[in-house]
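Visitor: Here it is: the structure, laid out below.
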DNA sequence: GAGCACTGC
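What follows is the structure, encoded as structure tokens:
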């Protein structure tokens with residue numbers, strides 16, 4: 046094989062820069078860790094790049110209150126820094142928290158560190174994620190999701206249990222991490238003012254764009270960690286491509302014809318449909334290749350794939366056969382595949398955007414950021430050098446935005462604002478965000494909370510009400526917690542807890558397009574003319590009746606894994622209700638109670654039938670339609686409340702509940718004023 | 001008469 050760096054297989058490409066990245070050797074994720082049974086753990090630890098820097102690093106960390114640590118994951122920083130801190134006796138007066146954006150990462154890192162410390166998980170080293178707390182009074186090193194630390198902060202805004210907080214993967218800029226930035230910064234300052242034990246904050250990031258971090262954390266020093274580097278050759282197209290699907294296809298097969306079969310290909314696309322279509326085309330073409338061209342195995346990879354099928358991407362292809370993985374951005378961070386030699390980057394991603402005016406979230410295909418493009422490129426050559434083919438020109442690359450817009454600037458802020466107020470933040474409208482969301486987004490969130498009765502305005506200030514305080518104790522969107530808190534008035538808490546749990550997990554229903562008729566027939570047994578909420582409740586009750594029988598789930602196209610999650614969520618919500626001394630009970634078959642309760646909790650999401658048969662959303666007056674997946678699709682109910690709006694070919698309402706105009710009026714007389722025309726109901 | 005990237009409490 047000629048040196049494939051000098052001879053790009055795809056002729057329409059031209060070489061760009063060579064990108065150096067660090068070798069990743071991170072344990073866990075979905076990647077089974079390579080057993081290295083012959084090398085003792087102590088030796089392995091000393092082989093990590095970070096080990097060389099240890100004395101100097103610890104010297105600095107001992108003195109600093111804030112530090113920004115830049116280094117690729119392979120430097121060993123996430124597993125080693127917490128141990129170094131502990132071994133040096135730093136922060137012994139309290140716990141060391143290490144936060145992660147994802148559950149799997151928190152769990153597997155804790156496992157790895159416990160192993161290195163030769164202790165049982167849950168003793169010295171533990172982890173806390175939702176539904177799982179593997180810590181004890183002995184725990185000093187605590188790995189946790191960032192969302193979990195945020196929850197803890199509501200009960201303890203100064204984070205007094207902790208002497209060190211390590212915020213890992215900060216470059217991902219999840220909403221939770223961004224809010225935590227502000228929370229730890231405030232806690233740090235407040236603890237200093239109150240002469241409490243100081244809080245050390247260490248921010249760890251893979252990005253080189255550190256000015257923002259450093260500036261925000263009081264111009265804190267930036268420490269760089271070297272990793273092991275493998276070069277990645279970048280190729281750009283010579284001309285802009287009008288059809289990235291076609292371009293991807295051509296590139297896959299040019300590589301396939303020229304590179305050794307053991308070199309696997311990872312292709313970044315935008316979504317399920319596109320990936321399945323491309324997979325079909327690839328398999329078809331692969332059947333008719335010239336002699337001397339080996340076989341290929343094409344593997345789709347996206348989040349909604351059943352777990353067993355997701356695991357296929359880790360299996361090595363048979364000898365002489367090439368593995369081609371077609372993936373969404375799940376392979377950018379969440380799933381790590383070894384042995385990838387080539388990355389093909391479409392340059393596109395499907396991502397959510399939010400418009401505060403309409404309150405609409407739109408999922409749209411858009412261009413990636415430069416940081417994202419580098420992240421994708423970095424997936425080639427984790428073990429050795431690799432290549433990345435960008436299906437766009439170098440000029441197009443130059444015009445990409447440098448960093449992905451942080452999620453906090455792209456989402457509905459009502460939960461965040463409620464949480465900040467529950468944390469006792471004095472002026473939420475001007476919270477010290479590292480990247481400020483737009484004032485409109487903040488205002489719209491606070492307005493929403495005011496409508497729900499969670500906050501009140503007095504003399505230009507916003508205050509949390511007693512109801513708002515209770516709402517904040519639920520790990521839910523505010524309108525859901527409001528509905529739960531209303532449920533005792535209608536004696537239907539059991540039903541509402543089930544419905545809210547059903548709505549807050551990913552869908553519990555399977556919809557294989559090939560079995561459309563069967564699915565419809567199975568669904569019919571549970572469908573209710575009162576709407577989708579009641580229909581879901583019927584399915585859940587039937588599921589409980591057969592004790593979650595797997596066979597029943599298969600026959601009825603019910604996702605038993607997600608149903609299990611519904612049970613966990615419901616148990617958690619019930620616990621919170623009991624702590625709030627709520628009187629829980631069931632309304633039995635009296636579904637009108639349930640609908641009245643939903644109407645009162647969700648009145649902001651109401652829509653009204655117009656004389657011409659269309660619907661208008663009552664708050665924004667925008668035209669909306671009933672989504673064809675709804676059980677109310679065939680009917681023309683006068684008033685409905687909906688769970689969410691989905692903007693695709695039209696603006697669709699999803700998960701609808703039939704309501705009376707009177708109920709809406711009762712829920713918010715002033716709000717609706719003359720908006721309603723109840724004569725029609 | 002449609003089709004949903006990815007996390008997380």
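In our numbering, the protein residues as written are 46 to 726. Here a beta-carbon is modelled for each residue, glycine too, at the ideal position from N, C-alpha and C.
#1: Where does residue 322 land, buried or exposed, given buried means 16+ other C-beta within 10 angstroms?
#2: From residue 80 to residue 582, what does the alpha carbon distance come to, in whole angstroms?
#3: Fully enclosed by the stretch 500-544, which beta strand (DSSP E) runs are 3 residues long or longer?
#4: I need the DSSP call for residue 326, collapsed to helix, strand or coil.
#5: If you reduce the DSSP assignment to three classes, tell me which class residue 291 lands in.
#6: I believe residue 576 touches residue 676 by the beta-carbon criterion, under 8 angstroms. Please report the beta-carbon distance rounded to the nearest angstrom.
#7: Could you give the residue range of the alpha helix (DSSP H) that holds residue 261?
#8: According to the Cβ coordinates, are residue 267 and residue 259 closer than 7 angstroms?
#9: Any idea what DSSP makes of residue 628, helix, strand or coil?
#10: Look at the Cβ atom of residue 290, then the Cβ atom of residue 209, and state whether they are nearer than 7 angstroms.
#11: Where DSSP assigns a beta bridge to residue 171, which residues make up the other side?
#12: Starting from residue 129, follow the beta strand (DSSP E) in both directions and report where the run begins and ends.
#13: Can you tell me which of 239, 422 and 93 puts its alpha carbon nearest to the alpha carbon of residue 120?
#14: How long is the line joining the alpha carbons of residue 707 and residue 250, rounded to whole angstroms?
#15: Secondary structure at residue 147, three-state DSSP: helix, strand or coil?
#16: Using CA atoms only, rank isn't needed, just tell me which of 364, 347 and 483 is closest to residue 356.
#17: By Cβ distance below 8 angstroms, which residues in the same chain neighbour residue 456 in space, the five residues on each side in sequence not counted?
#18: DSSP has residue 233 in a bridge; who is on the other side?
#19: Residue 345 bridges to which residues according to DSSP?
#20: Going by DSSP, name the residue or residues bridged to residue 250.
#21: Using three-state DSSP, classify residue 208 as helix, strand or coil.
#22: Between residue 257 and residue 479, which are expected to be in contact by the criterion C-beta below 8 angstroms, what is the C-beta distance as a whole number of angstroms?
#23: Per DSSP, what kind of secondary structure is residue 412 in: helix, strand or coil?
#24: Classify residue 409: buried if its beta carbon has 16 or more other beta carbons within 10 angstroms, exposed otherwise.
#25: Is it the case that the Cβ atoms of residue 550 and residue 618 are separated by a distance below 7 angstroms?
#26: Following the continuous beta strand (DSSP E) through residue 267, name the residue where it begins and the one where it ends.
#27: List the endpoints of the continuous alpha helix (DSSP H) containing residue 714.
#28: Do residue 188 and residue 135 have their beta-carbon atoms positioned less than 7 angstroms apart in this structure?
#29: Return the Cβ separation of residue 315 and residue 394 in integer angstroms, given the expectation that the two are a contact with Cβ distance under 8 angstroms.
#30: What residue does the alpha helix (DSSP H) around residue 577 start on, and which one ends it?
#31: Within a Cβ cutoff of 8 angstroms, which residues of the same chain sit near residue 107, ignoring the five residues on either side of it in sequence?
#32: Measure from the alpha carbon of residue 713 to the alpha carbon of each residue in 678, 669 and 663, then state which is nearest.
#33: With distances taken Cα to Cα, identify the nearest neighbour of residue 203 among 532, 621, 235 and 96.
#34: If you reduce the DSSP assignment to three classes, tell me which class residue 104 lands in.
#35: How many angstroms separate the CA atom of residue 716 from the CA atom of residue 425?
#36: Measure the alpha-carbon distance for residue 390 versus residue 509 and round it to whole angstroms.
Guide: Reading off the structure:
#1: Within the first chain, residue 322 is the residue found at index 277, counting from 1. Result: exposed.
#2: Along the first chain, one-based indexing puts residue 80 at 35. Along the first chain, one-based indexing puts residue 582 at 537. With a pLDDT of 39 at residue 80, under the threshold of 50, the predicted position of this residue should be treated as unreliable, though the coordinate-derived value follows. For residue 80 and residue 582, the distance between alpha carbons rounds to 46 angstroms.
#3: 500-503 and 506-509
#4: In the first chain, the residue the question calls residue 326 occupies position 281. Helix, per DSSP.
#5: Your numbering for residue 291 matches position 246 in the first chain. Residue state, collapsed to three classes: helix.
#6: Working through the first chain from its first residue, we reach residue 576 at position 531. Working through the first chain from its first residue, we reach residue 676 at position 631. Right, the Cβ-Cβ distance comes to about 7 angstroms (below 8 angstroms), so this counts as a contact.
#7: Looking up residue 261 in the first chain gives position 216. Taken as a continuous stretch (DSSP letters only), the alpha helix (DSSP H) holding residue 261 covers 256-261.
#8: Residue mapping note: residue 267 aligns to position 222 of the first chain, counting from 1. Residue mapping note: residue 259 aligns to position 214 of the first chain, counting from 1. Contact: yes.
#9: Translated into the one-based positions of the first chain, residue 628 becomes position 583. Correct three-state label for residue 628: coil.
#10: On the first chain, residue 290 is found 245 positions in, with the first residue counted as 1. On the first chain, residue 209 is found 164 positions in, with the first residue counted as 1. No, Cβ-Cβ distance for residue 290 and residue 209 is not below 7 angstroms.
#11: Taking the first residue of the first chain as position 1, residue 171 is located at position 126. Looking at the DSSP assignment, residue 171 forms a beta bridge with 187.
#12: What you label residue 129 is simply residue 84 of the first chain in a count that begins at 1. Segment 122-132 is the alpha helix (DSSP H) holding residue 129; no beta strand (DSSP E) there.
#13: By 1-based counting over the first chain, the position of residue 120 is 75. Taking only the C-alpha atoms, the option nearest residue 120 is 93.
#14: Indexing the first chain from 1 puts residue 707 at position 662. Indexing the first chain from 1 puts residue 250 at position 205. Their backbone Cα atoms lie some 53 angstroms apart in a straight line.
#15: Within the first chain, numbered from 1, the residue matching residue 147 stands at position 102. Residue 147: coil per DSSP, three-state reduction.
#16: Your numbering for residue 356 matches position 311 in the first chain. It is 347.
#17: Translated into the one-based positions of the first chain, residue 456 becomes position 411. Contacts found: 220, 397, 399 and 406.
#18: As a first step, residue 233 must be located in the first chain, where it is residue number 188. DSSP output for residue 233 lists no bridge partner at all.
#19: As a working note, residue 345 is residue 300 in the first chain. Paired residues: 371.
#20: For the purposes of this step, residue 250 is taken as the residue at position 205 of the first chain. DSSP output for residue 250 lists 115 as bridge partner(s).
#21: Translated into the one-based positions of the first chain, residue 208 becomes position 163. Residue 208 falls in the strand class under three-state DSSP.
#22: In the first chain, counting from the first residue as 1, residue 257 sits at position 212. In the first chain, counting from the first residue as 1, residue 479 sits at position 434. Confirmed, about 6 angstroms.
#23: Residue numbering aside, residue 412 sits at position 367 when the first chain is read from its first letter. Strand.
#24: By one-based count along the first chain, residue 409 stands at place 364. It counts as exposed.
#25: Taking the first chain and counting its residues from 1, one reaches residue 550 at position 505. Taking the first chain and counting its residues from 1, one reaches residue 618 at position 573. No; because the gap between Cβ atoms is not below 7 angstroms, this pair is not in contact.
#26: Along the first chain, read from residue 1 onward, the residue named residue 267 stands at position 222. Per DSSP, residue 267 belongs to the beta strand (DSSP E) from 267-269.
#27: If you number the first chain from 1, residue 714 lands on position 669. 714-717 is the extent of the alpha helix (DSSP H) around residue 714.
#28: If you number the first chain from 1, residue 135 lands on position 90. If you number the first chain from 1, residue 188 lands on position 143. No, Cβ-Cβ distance for residue 135 and residue 188 is not below 7 angstroms.
#29: The residue you call residue 315 lines up with position 270 of the first chain. The residue you call residue 394 lines up with position 349 of the first chain. The Cβ separation is near 6 angstroms, so the contact holds.
#30: Here residue 577 corresponds to residue number 532 of the first chain, with the count starting at 1. Note, residue 577: alpha helix (DSSP H), 577-590.
#31: Against the first chain, residue 107 aligns to sequence position 62. 133 and 135, listed in sequence order.
#32: Counting from 1 along the first chain, the entry for residue 713 is found at position 668. The shortest C-alpha separation from residue 713 is found at 663.
#33: Translated into the one-based positions of the first chain, residue 203 becomes position 158. The residue with the shortest Cα to Cα distance from residue 203 is 235.
#34: Taking the first residue of the first chain as 1, we reach residue 104 at position 59. In the structure shown, residue 104 sits in a helix (DSSP, three-state: H, G or I).
#35: Mapped onto the first chain, residue 716 falls at position 671. Mapped onto the first chain, residue 425 falls at position 380. Cα-Cα distance, rounded: 55 angstroms.
#36: As a position in the first chain, residue 390 is number 345, starting the count at 1. As a position in the first chain, residue 509 is number 464, starting the count at 1. Whole-angstrom Cα-Cα distance: 47 angstroms.
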